[in-house]
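Residue numbers (full-length UniProt numbering): 1 to 547.
Before any comments, here is the structure.
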């Protein structure tokens, strides 16, 4: 009995001793293998005691060559513990398993951090914390990344506000240098050695540039980056624009753009400035790319493009100034408004369209407002303008039935409807054949002053276009009947059978056209209806957003 009481007393003392530390004894039966970041419990089915972690093997410093892998490790004695790593110098950074970083913690307490493809910026002090519910222990080690003497290649990207952003990965101070493609001269972008690894060059002039990093200590230069295109910083572009051009007057306006006349202060040449509002910058860039890639006498020339002008988000396209105004307005007031004049300018229009199509571009907005005349030369010259709606087609898509892929087709605006082909009205993908149809409608109007498909409402006009319902009233076609066959071939409802501009240019009518005088009164009536101030059909009182 006495022995039994002593045994109970001894057990009570043991429990009372352990009870001085809260949760000093945990009962655990069974277990599972550990995963990355935590140590496993032995699966022996016995009761184990939870202890605070103790460091048995501290981490050692590691030196590694750039591009190689480095492993930092330490060992701790603990149960039910986890291990975490962070970088503490020169900056503080929490690390997670994944990507270039691999973190593991084995059942015997080994905590490791492996960094793959080490960079100069990986150099620094790393700390490991092994912890459980009772506390934790930590240790630190330094990682040194040897760069081998030559700086790496910088990374270049576009800056949201204009210019370029250059990033490099060096642990020592460096100079950043740039070279404009085609010049061959390296210039320093930093007056003093840069310790930061990022530099924004917002005021860099437009052009293509390569960059390299030069060690401030040794003078060794790293390899150059590939060419990067800079559109020019916003303030730099605005400053250059203000120095070069003197604004004169507004000569046109739409919902997405306005056109002004200006004078080039360097050459004295008068130019047109098409200012595209924010949100339509891609249209201006595309138009400049098309018009600056080549030249045709009947297509307006693009001279320059200024981004972020006159304000952030806007673009200004500098164009050849066409002084004669719309071709049909000029013809309606000219004493030379006859069949031969119409044939001459129709040939110029078709030649312009053929040139665009041969360069895989469809204009898609051929109408009187976009067909001007230049009167400054020996002979009046047609000029096709406004490629804001143009599309660049897939390579070789110049045939009359070729389509432009992935282009959203919207219903034509009222001012465009009279010149829209059936496939446009029906929402089919754009194609060069659209331009041929519009040229046929334009020729019909040019010869008679009548619109072939116009009716009393938009719905009736649309139905006439879809059915290709038009005719040649004899009272308006006397003396110019020879052009009717060409118009029929251009107004073919099936795009694949419609004449292309190149085929239309071979029509005999261009050589047969005579001096038959045409009705300027009828043409003036047509033009008046299309003007915003006109009092005719409401269909003509609206203009395209791109006018």
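C-beta: ideal position from N, C-alpha, C; glycine also.
- With the rule of 3 Cβ pairs closer than 8 angstroms, the region 474 to 481 does not count as touching the region 299 to 317.
- Look at residue 119 here: in three-state DSSP terms it is coil, with no helix or strand label.
- For residue 311, there is no enclosing alpha helix (DSSP H), as DSSP marks it with neither H nor E.
- Judged by DSSP in its simplified three-state form, residue 292 adopts helix.
- Between residue 114 and residue 71 the beta-carbon gap is near 5 angstroms, inside 8 angstroms, which marks them as a contact.
- A straight-line Cα-Cα distance of about 14 angstroms links residue 284 and residue 254.
- In the assembly as shown, residue 82 is a buried residue. Its beta-carbon has 16 or more other beta-carbons within 10 Å.
- Taking the C-beta atoms as reference points, residue 206 is found no nearer than 9 angstroms to residue 215.
- Secondary structure in the region 359 to 387: the beta strand (DSSP E) runs of 3 residues or longer, each lying completely within the stretch, are 371 to 374, 381 to 384 in chain order.
- Annotated three-state conformation of residue 435 is helix, per DSSP.
- With distances taken between CA atoms, residue 50 lies nearest to 136 out of 172, 136, 244, 187.
- Around the beta carbon of residue 423, 16 or more other beta carbons lie within 10 angstroms, which makes this residue buried.
- For a cut-off of 8 angstroms, the C-beta gap from residue 132 to residue 168 is around 42 angstroms, too long to register as a contact.
- In the structure shown, residue 132 falls within a strand segment according to DSSP collapsed to helix, strand and coil.
- In the DSSP assignment, residue 515 falls outside any beta strand (DSSP E), carrying neither H nor E.
- The C-alpha of residue 245 is placed about 37 angstroms away from the C-alpha of residue 436.
- Per DSSP, reduced to three states, the secondary structure at residue 493 is coil, with no helix or strand assignment.
- Of 280, 79, 88, the smallest CA-CA separation from residue 127 is found for 88.
- The region 496 to 505 and the region 517 to 527 do not touch, with fewer than three beta-carbon pairs separated by less than 8 angstroms.
- Residue 355 has its alpha-carbon roughly 12 angstroms from the corresponding atom of residue 293.
- Counting along the chain, the unbroken alpha helix (DSSP H) around residue 425 starts and ends at 422 to 425.
- Annotation for residue 529: the continuous alpha helix (DSSP H) segment containing it runs 520 to 530.
- In the structure shown, residue 177 falls within a strand segment according to DSSP collapsed to helix, strand and coil.
- In its chain, beyond the 5 residues on either side, 384, 385, 386 have a beta carbon closer than 7 angstroms to the beta carbon of residue 370.
- Residue 475: member of the alpha helix (DSSP H) spanning 474 to 477, first to last residue.
- Setting aside the 5 residues that flank it on each side, residue 75 is surrounded in the same chain by 55, 56, 57, 108, 109, 110, 111, each with a C-beta closer than 8 angstroms to its C-beta; the list follows chain order.
- Where residue 331 is concerned, the enclosing alpha helix (DSSP H) starts and stops at 327 to 332.
- Excluding sequence positions up to five before and after residue 492, its CB lies within less than 6 angstroms of the CB of 498, all in the same chain and listed in chain order.
- Of the residues 336, 275, 185, 433, the one whose Cα lies closest to the Cα of residue 360 is 433.
- Counting along the chain, the unbroken beta strand (DSSP E) around residue 250 starts and ends at 245 to 253.
- When rounded, the separation of the alpha-carbon atoms in residue 378 and residue 440 is 27 angstroms.
- At a Cβ-Cβ threshold of 9 angstroms, residue 505 and residue 347 count as neighbours.
- Note that the C-beta distance between residue 224 and residue 153 is below 9 angstroms.
- Per DSSP, the unbroken alpha helix (DSSP H) holding residue 504 starts and ends at 501 to 504.
- Taking C-alpha positions only, residue 140 is separated from residue 191 by approximately 37 angstroms.
- Under the three-state reduction of DSSP, residue 271 is assigned to strand.
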